[in-house]
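The next block holds one structure in the form of structure tokens; read it before the comments.
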Amino acid sequence: MALRSPNLNVMIRAAREASIKLKRDYGEVDQLQVSKKGPADYVTAADIRTEKILRGELTKARPDYGFLMEEAGVVEGTDPDRRWIIDPIDGTTNFVHGIAHFAMSIALQEHGRITAGIVFNPISEELFCAELGQGAYLNDRRIRVSSRGAMDNAVFATGIPFMGRGSEGEHQTFLKEIGAVMAVSSGIRRFGSAALDLAFVAAGRYDGFWETGLQPWDIAAGVILVREAGGLVTDIQGRDLRLEAGSILTANRNLHQPLGQTLRQARK
Ligand code: IPD
Ligand code: CA
Numbered sequence: 136m137a138l139r140s141p142n143l144n145v146m147i148r149a150a151r152e153a154s155i156k157l158k159r160d161y162g163e164v165d166q167l168q169v170s171k172k173g174p175a176d177y178v179t180a181a182d183i184r185t186e187k188i189l190r191g192e193l194t195k196a197r198p199d200y201g202f203l204m205e206e207a208g209v210v211e212g213t214d215p216d217r218r219w220i221i222d223p224i225d226g227t228t229n230f231v232h233g234i235a236h237f238a239m240s241i242a243l244q245e246h247g248r249i250t251a252g253i254v255f256n257p258i259s260e261e262l263f264c265a266e267l268g269q270g271a272y273l274n275d276r277r278i279r280v281s282s283r284g285a286m287d288n289a290v291f292a293t294g295i296p297f298m299g300r301g302s303e304g305e306h307q308t309f310l311k312e313i314g315a316v317m318a319v320s321s322g323i324r325r326f327g328s329a330a331l332d333l334a335f336v337a338a339g340r341y342d343g344f345w346e347t348g349l350q351p352w353d354i355a356a357g358v359i360l361v362r363e364a365g366g367l368v369t370d371i372q373g374r375d376l377r378l379e380a381g382s383i384l385t386a387n388r389n390l391h392q393p394l395g396q397t398l399r400q401a402r403k
């Protein structure tokens, strides 16, 4: 890829370091001590350990930066304008079930803007990374969103709400959305990691992705991947994305509008 910035190198080094233990933990998934945070929402010992390693490595390299982390929450840095946004294992349910589709997600936020992001699946060893203005890459190969222009050829990803995630009303809204999209597309996938869903849109594997109820750490890195790969990212209403709002709609430039329109009509 084009020259990596020192910060991107720091992120990649931290993820590779954390992946050594994480792979070992995944191999022993059956023996893992799994505690329940809420229905169908697991926090594993591996999750916490991975976050600690990432935090330690990033702090060693950039002692002033703050953090927003899935497990430990907000840690203010002495630099008020820079922080790392970390999901140590996105796809925790897959991890716990022995499904090798999960990833670490690390983004750098500077002055409120995401300026770099990586999504790394330590099992497949696919490393997706992007920096502002530098394009998006998969293991050093430039990636771009797909160029499909018709809904009926398109494959979309989404996240299905589940017990404990989303109200009864939100579950019903989702059923309307999926009904509308399946009727006009080539298919819908639910692989269980929003970070990888976004990375796959960036790589042109999926033509688009939508989900609600997400957290900033699920999507911060994925959003810059898609944008740097040439895709559009908004909320489901088509407004500017706010990471905290948790609603995301992304697709290539041809399909962002028709996918959004299909979803918005279904939600009425
Ligand atoms: C989850 C995954 C999943 C999405 C959920 C997220 P976690 O993150 O990204 O795809 O549908 O909403 O919570 O819990 O595995 O880190
Ligand atoms: Ca997550």
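Okay, so the sequence shown: first residue is 136 according to the working numbering, each after it adds one.
Where is the CB? At the ideal position from N, CA and C, for every residue including glycine.
Is it true that the CB of arginine 325 sits closer than 7 Å to the CB of threonine 293?
-> For the purposes of this step, residue 293 is taken as the residue at position 158 of the sequence shown. For the purposes of this step, residue 325 is taken as the residue at position 190 of the sequence shown. A contact, by the Cβ cut-off of 7 Å.
Which two residues bound the contiguous beta strand (DSSP E) that contains alanine 153?
-> To locate residue 153, count along the sequence shown from 1; it is residue 18. No beta strand (DSSP E) holds alanine 153; the alpha helix (DSSP H) holding it covers 141-162.
Pull up the distance between the alpha-carbon of glycine 268 and that of tyrosine 200, whole angstroms please.
-> Translated into positions along the sequence shown, residue 268 becomes position 133. Translated into positions along the sequence shown, residue 200 becomes position 65. About 22 Å.
First and last residue of the uninterrupted beta strand (DSSP E) at arginine 239 = Residue 239 sits at position 104 when you count from the first residue of the sequence shown. In the sequence under discussion, the amino acid at residue 239 is methionine, which differs from the arginine named in the question. Segment 238-245, the beta strand (DSSP E) holding methionine 239.
Selected residue, minimal CA-CA separation from methionine 317, among Arg184, Leu394, Gly252 | Reading the sequence shown from its first residue, position 182 is the one you call residue 317. Nearest option by C-alpha distance: Leu394.
Short check: CB of glutamate 245 to CB of serine 140, under 7 Å?
-> Taking the sequence shown and counting its residues from 1, the one referred to as residue 245 is at position 110. Taking the sequence shown and counting its residues from 1, the one referred to as residue 140 is at position 5. Not in contact: glutamate 245 and serine 140 (Cβ atoms no closer than 7 Å).
Figure out for me which residue from Arg362, His391, Ala334, Arg276 has the closest Cα to the Cα of glycine 373.
-> The residue labelled residue 373 in the question sits at position 238 within the sequence shown. The candidate whose alpha carbon is nearest that of glycine 373 is His391.
Give the straight-line distance between the Cα atoms of aspartate 287 and glycine 212, rounded to the nearest whole angstrom.
-> As a working note, residue 287 is residue 152 in the sequence shown. As a working note, residue 212 is residue 77 in the sequence shown. About 48 Å.
Straight-line gap, serine 254 to leucine 157 (C-alpha atoms, nearest Å) | Within the sequence shown, the letter at position 119 stands for residue 254. Within the sequence shown, the letter at position 22 stands for residue 157. The question names serine, but residue 254 is valine in the sequence shown. Their Cα atoms are separated by approximately 15 Å.
Measure the C-alpha to C-alpha separation of leucine 331 and lysine 195 and round it to an integer number of angstroms.
-> The residue you call residue 331 lines up with position 196 of the sequence shown. The residue you call residue 195 lines up with position 60 of the sequence shown. In a straight line, the C-alpha of leucine 331 is about 27 Å away from that of lysine 195.
Mind checking who glycine 272 pairs with in its DSSP beta bridge?
-> If you number the sequence shown from 1, residue 272 lands on position 137. Per the sequence presented here, residue 272 reads as tyrosine, with glycine not at that position. Tyrosine 272 is bridged to Cys264, Arg277.
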